[in-house]
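Peer 1: Before we start, here is the structure in question, set down as structure tokens.
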Amino acid sequence: MDPKTAYQLRSKTVAKHCNEHDCWVIVNGKVYDVTLFLDKHPGGKELLLSYAGKDATAALEGAGGHEHSKYAFKLLEEYYLGSILSQEESLIDQEGIIAEVDKNESISKRAVNVDNLVDFQKPLLPQVGMLGELYDVWVHSFPTTDHTVALFPNPLLEKLTRCKWYVPLVFWIPIICYYLWYLISRGDCSLQVFVFFSILGYFSWLLFEYVLHRYVFHMKTTSYYANIFHFLLHGHHHITPLDSERVVFPPAPAVLIASPFWLGMPRLLGTVKGYSWLFGFAIGYLCYDMTHFWIHQGTPKLSFLKSQKRRHVIHHYREPQMNFGISNPFYDIIFGTLVRESRTSFIKY
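Here my numbering is used: the first residue of the sequence shown is 1278, the next is one more, and so on.
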């Protein structure tokens, strides 16, 4: 991806990414996510962390007594996210900011100050419904730097939208173990059948995850209730990706989504094959939730998770219509929606 087409980010947005799990710096007006470079920094991560969320241009150019080499600047491009938005350019540009098709089917572009569309001191669900056609641009343009936002006026409903990272494990693992024990106790489930259909179930989850994320979580909405539905389902995550209690799926909506599969697959495939398939599907779901939480809230050490974190950062901050696979990029590769980094650029497959 050409850096000139990347997102423009506000300084106040960068300033929020200021810890060892989420470290951004500004150099010569460009923004870099150096989280995964902290442990590799020759001067130690503490020195780099002292510039987290800040402008480090002077330090790289020798203000601290050490002028960095051309190699250092070249290496920095590996972590490029976007450019800093100047005060004069107080409008976000996402592929032309807002492209609207008028009645003559010609494309017109008009600038919108996304900072003033909603009042973040009030619950957002009633407000986002009123955004109409502006909603899709607003939700992908970093309208707030807060780590969390209020959705519902009702405190109880608001609480139900939050979920600790370990809750899916506590809820689903006993259920998975029960059905695994049930399969074993039947005595008619061969290892070959179990392994084959479990693997099939896992890859079925990856496909479901991809389709759900691409076509439901990222559908474009314009009507009042559709905007509210989308924001409640996924939009809130894109404006507050660092909210640790809104990263994993709460059990209630997860059960609603899982029920057709849980009830239907044993009937479709038979008890043994169906529950073997469900075992792989459920493991895939838990891998998805835990991977999603870890790449947002942690600093992965494994190379695969590091790659997933970088791909997901691209999805959030550069290309929201790419990199839909969270736990695995398998279907992004198949369907041509994978964007990965090369040394100095982004390559689309």
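Just so it is clear, CB atoms sit at the ideal spot from N, CA and C, and this is done for glycine as well. Bear in mind that the values here come from a model prediction, so they are computed numbers and not experimental data.
Is the beta carbon of tyrosine 1501 closer than 8 Å to that of glycine 1406?
Peer 2: If you number the sequence shown from 1, residue 1406 lands on position 129. If you number the sequence shown from 1, residue 1501 lands on position 224. Cβ distance < 8 Å, so glycine 1406 and tyrosine 1501 count as in contact.
Peer 1: Could you give the distance in angstroms between the alpha-carbon of proline 1527 and the alpha-carbon of tyrosine 1594?
Peer 2: Here the question's residue 1527 lines up with position 250 in the sequence shown. Here the question's residue 1594 lines up with position 317 in the sequence shown. In a straight line, the C-alpha of proline 1527 is about 25 Å away from that of tyrosine 1594.
Peer 1: Start and end of the alpha helix (DSSP H) containing leucine 1468?
Peer 2: Mapped onto the sequence shown, residue 1468 falls at position 191. That run of the alpha helix (DSSP H) goes 1468-1488.
Peer 1: Quick one: Cα of threonine 1614 to Cα of phenylalanine 1601, how far?
Peer 2: For this step, residue 1614 is matched to residue 337 along the sequence shown. For this step, residue 1601 is matched to residue 324 along the sequence shown. Answer to the nearest angstrom: the Cα atoms are 7 Å apart.
Peer 1: When you compare the segment 1551-1571 with the segment 1471-1479, are there three or more beta-carbon pairs, one atom per stretch, that lie closer than 8 Å?
Peer 2: yes
Peer 1: Use the C-beta contact count for glutamate 1377: other C-beta atoms within 10 angstroms, 16 or more gives buried, fewer gives exposed.
Peer 2: Numbered from its first residue, the sequence shown carries residue 1377 at position 100. The predicted model places glutamate 1377 with a pLDDT of 36, which falls under 50 and marks its position as unreliable, so this point remains unresolved.
Peer 1: Which whole-angstrom value is the C-beta distance of arginine 1588 and proline 1606, which I expect to be below 8 Å?
Peer 2: Residue 1588 sits at position 311 when you count from the first residue of the sequence shown. Residue 1606 sits at position 329 when you count from the first residue of the sequence shown. Indeed, because the Cβ distance is near 6 Å, the residues count as touching under 8 Å.
Peer 1: Using DSSP with H/G/I as helix, E/B as strand and the rest coil, what is lysine 1441?
Peer 2: Taking the sequence shown and counting its residues from 1, the one referred to as residue 1441 is at position 164. Residue state, collapsed to three classes: coil.
Peer 1: How do the segment 1510-1527 and the segment 1439-1452 stand: do at least 3 beta-carbon pairs fall below 8 Å, yes or no?
Peer 2: yes
Peer 1: On a CA-only basis, which of Val1291, Phe1558, Leu1325 is nearest phenylalanine 1485? Give me that one, please.
Peer 2: Residue mapping note: residue 1485 aligns to position 208 of the sequence shown, counting from 1. The option with the nearest alpha carbon to phenylalanine 1485 is Phe1558.
Peer 1: Between which two residues does the alpha helix (DSSP H) containing valine 1532 stretch?
Peer 2: Against the sequence shown, residue 1532 aligns to sequence position 255. For valine 1532, the uninterrupted alpha helix (DSSP H) run begins and ends at 1528-1546, by DSSP.
Peer 1: Would you give the residue range spanned by the alpha helix (DSSP H) that valine 1416 belongs to?
Peer 2: Position 139 of the sequence shown, counted from the first residue, corresponds to residue 1416. Start and end: 1412-1416.
Peer 1: Tell me, which residues are paired with leucine 1286 by DSSP?
Peer 2: Along the sequence shown, one-based indexing puts residue 1286 at 9. Beta-bridge pairing links leucine 1286 to Ile1361.
Peer 1: Cα separation between leucine 1579 and leucine 1313?
Peer 2: If you number the sequence shown from 1, residue 1579 lands on position 302. If you number the sequence shown from 1, residue 1313 lands on position 36. Straight-line Cα distance between these residues: approximately 11 Å.
Peer 1: So, valine 1395 versus leucine 1401, is the Cβ gap smaller than 8 Å?
Peer 2: Against the sequence shown, residue 1395 aligns to sequence position 118. Against the sequence shown, residue 1401 aligns to sequence position 124. Cβ distance < 8 Å, so valine 1395 and leucine 1401 count as in contact.
Peer 1: With DSSP as the reference, identify every bridge partner of lysine 1307, one or two as the case may be.
Peer 2: Locating residue 1307 in the sequence shown gives position 30, counting from the first residue. Note: lysine 1307 sits in a beta bridge opposite Val1304, Ser1360.
Peer 1: Would you list the one or two residues that DSSP bridges to asparagine 1296?
Peer 2: As a first step, residue 1296 must be located in the sequence shown, where it is residue number 19. Paired residue(s): Asp1299.
Peer 1: Aspartate 1609 and lysine 1497: beta carbons closer than 8 Å?
Peer 2: By one-based count along the sequence shown, residue 1609 stands at place 332. By one-based count along the sequence shown, residue 1497 stands at place 220. The Cβ-Cβ distance between aspartate 1609 and lysine 1497 does not fall below 8 Å.
Peer 1: Give a yes or no on whether the C-beta atoms belonging to leucine 1337 and alanine 1349 are separated by under 8 Å.
Peer 2: One-based indexing of the sequence shown puts residue 1337 at position 60. One-based indexing of the sequence shown puts residue 1349 at position 72. For leucine 1337 and alanine 1349, yes; Cβs fall inside 8 Å.
Peer 1: State the Cα-Cα distance for the pair glutamate 1297 and phenylalanine 1612, rounded to the nearest angstrom.
Peer 2: Residue numbering aside, residue 1297 sits at position 20 when the sequence shown is read from its first letter. Residue numbering aside, residue 1612 sits at position 335 when the sequence shown is read from its first letter. Whole-angstrom Cα-Cα distance: 34 Å.
Peer 1: To the nearest angstrom, report how far apart lysine 1307 and leucine 1510 are at their CA atoms.
Peer 2: Along the sequence shown, read from residue 1 onward, the residue named residue 1307 stands at position 30. Along the sequence shown, read from residue 1 onward, the residue named residue 1510 stands at position 233. Approximately 32 Å between the Cα atoms of the pair.
Peer 1: Indicate the three-state DSSP secondary structure (helix, strand or coil) for arginine 1587 in the structure shown.
Peer 2: Stepping through the sequence shown from its first residue, residue 1587 is reached at position 310. Note: arginine 1587 maps to helix in three-state DSSP.
Peer 1: Looking only at C-alpha atoms, which of Ile1560, Thr1517, Ile1516, Gly1547 sits nearest to alanine 1535?
Peer 2: As a position in the sequence shown, residue 1535 is number 258, starting the count at 1. For alanine 1535, the nearest C-alpha among the options comes from Ile1560.
Peer 1: May I ask you to report which of helix, strand or coil DSSP gives alanine 1376?
Peer 2: For the purposes of this step, residue 1376 is identified with residue 99 of the sequence shown, where counting begins at 1. Only weak support exists for where alanine 1376 lies, its pLDDT of 38 falling under 50; the coordinates are left without a value.
Peer 1: Spatial neighbours of phenylalanine 1419 within its chain, please: C-beta separation below 6 Å, excluding the five flanking residues on both sides.
Peer 2: Start at 1 with the first residue of the sequence shown, and residue 1419 comes out as number 142. By the criterion of a C-beta distance shorter than 6 Å, phenylalanine 1419 is surrounded in its chain by Thr1290, once the five residues flanking it on both sides are discounted.
Peer 1: In chain order, what residues of the same chain lie with their CB nearer than 8 Å to the CB of glutamate 1435, ignoring the 5 residues before and after it?
Peer 2: Within the sequence shown, residue 1435 is the residue found at index 158, counting from 1. Same-chain partners within the cutoff: Pro1400, Ala1427, Leu1428, Phe1429.
Peer 1: Tell me the DSSP secondary structure of tyrosine 1565 in three-state form.
Peer 2: As a first step, residue 1565 must be located in the sequence shown, where it is residue number 288. Note: tyrosine 1565 maps to helix in three-state DSSP.
Peer 1: Name the residue from His1507, Tyr1565, Leu1582, Trp1415 whose alpha carbon lies nearest to the alpha carbon of serine 1481.
Peer 2: Counting from one through the sequence shown, the residue named residue 1481 turns up at place 204. Closest in alpha carbon position to serine 1481, among His1507, Tyr1565, Leu1582, Trp1415, is Tyr1565.
Peer 1: Please state whether DSSP places aspartate 1316 in a helix, a strand or coil.
Peer 2: Counted from its first residue, the sequence shown places residue 1316 at position 39. Three-state result, aspartate 1316: helix.
Peer 1: Among Trp1539, Thr1517, Gly1512, Pro1518, which one has its Cα closest to the Cα of glycine 1478?
Peer 2: Start at 1 with the first residue of the sequence shown, and residue 1478 comes out as number 201. Residue Trp1539 is the option with its Cα nearest to glycine 1478.
Peer 1: Arginine 1544: buried (16+ other C-beta within 10 angstroms of its C-beta) or exposed?
Peer 2: As a working mapping, residue 1544 is identified with position 267 in the sequence shown. Exposed.
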